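In what follows, a structure is listed as structure tokens, so that the remarks can point back to it.
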Amino acid sequence: MKQERSLYYAENMDRLMHRDRFFFNNPVFMQGLGLAPIVVAATNLNNALVLGFAVLLLLTPTRVLAALLSRGNYLRFRGVTYALTAAVLYIGVWFAANALFGVGIQAVGLYLPLLVVEPIIIKRYERPQKERVPTALRKGLITTCGFLLALFLVAALRELLGAGSLFGHPVTVRPALPMAQLTCGGFVLIGILAAFWRWIRNLFKRVVSMEANAK
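This is the structure:
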């Protein structure tokens, strides 16, 4: 039974990994989407909460509504449809975030409204195939979960290494790597995590292939 399962995974590995946008095909570490708000604004978990809340309310609804509205549009107008849909939805997201976090939304600066044109939200329009609404809902939720995983992981590491705290509460006596709070430190950290992500992915593929070929 174990070998049959491994054989199935080995034969369908590329397709399964492509569909898995949470870990193996994470939108941040594997596709390079959503880097700007994470690298610049996600320096601590409090900022990550604001960004994560906004993406949670923007990404999937934008994808679903844009997929519905784009069914009658030509391809060249789909980018405008996605951007305008995200812009309209952002109005409600801003009021919700302001009510929940108050002045805390100022900490992420212009990277909150820039989510309207962030590739992780509007990139789908580049594909010529029209997306069905159920597919948009499913992929939107999975992509959102993958982005939130990367967002909170990077923010937690940057706050811990750069400030020695988590959610503003001191954890260590002194920060181990103050550079992690800088934009350049964010790039370096994401690069290291992306390399680790790819190593885990390749290791998993090798293990599954060895188990499938074992007699």
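Position 179 of the sequence shown, counted from 1, bears residue number 313 in this note's numbering, the numbering being contiguous throughout.
Even glycine gets a Cβ: it sits at the ideal position worked out from N, Cα and C.
This structure is a prediction, so every number in the text was calculated from the model and none was measured.
Query                                                                                                                                                                          : Result
Quick one: complete beta strand (DSSP E) runs, 3+ long, within the segment 271-315?                                                                                            : none
Would you identify the three-state DSSP class for asparagine 347, choosing helix, strand or coil?                                                                              : helix
Using only the alpha-carbon positions, how far apart do leucine 185 and alanine 176 sit?                                                                                       : 8 angstroms
Assess, as a yes-or-no matter, whether the segment 331-349 is touched by the segment 152-169 under the definition of 3 or more beta carbon pairs within less than 8 angstroms. : yes
Compute the beta-carbon to beta-carbon distance between arginine 258 and arginine 197, rounded to the nearest angstrom, for a pair I have assumed lies under 8 angstroms.      : 6 angstroms
Three or more C-beta pairs closer than 8 angstroms, one from the segment 288-303 and one from the segment 264-271: is that the case here?                                      : no
What is the DSSP secondary structure of valine 173, reduced to helix, strand or coil?                                                                                          : helix
Would you mind working out which of Val242, Leu244, Lys273 sits nearest isoleucine 254, comparing C-alpha positions?                                                           : Lys273
DSSP three-state call for arginine 266: helix, strand or coil?                                                                                                                 : coil
Distance check for serine 299 and aspartate 148, CA to CA, integer angstroms please.                                                                                           : 39 angstroms
Note down the Cα distance separating threonine 219 from isoleucine 276, rounded to an integer number of angstroms.                                                             : 20 angstroms
Sorted by chain position, which residues of the same chain lie with C-beta nearer than 8 angstroms to threonine 317's C-beta, five sequence neighbours on each side aside?     : Val173, Val174
If you draw a straight line from the alpha carbon of leucine 199 to that of glycine 226, how long is it in whole angstroms?                                                    : 15 angstroms
Roughly how many angstroms separate the alpha carbons of glycine 168 and leucine 285, rounded to a whole number?                                                               : 9 angstroms
Cutting at 6 angstroms between CB atoms, please list the residues of its own chain near glycine 320, excluding the five before and the five after it.                          : Val173
Tell me which same chain residues have a C-beta within less than 8 angstroms of the C-beta of alanine 355, skipping the five on either side of it?                             : Past the boundaries of the shown model lies residue 355; the chain is included only from 135 to 349, so the question cannot be answered.
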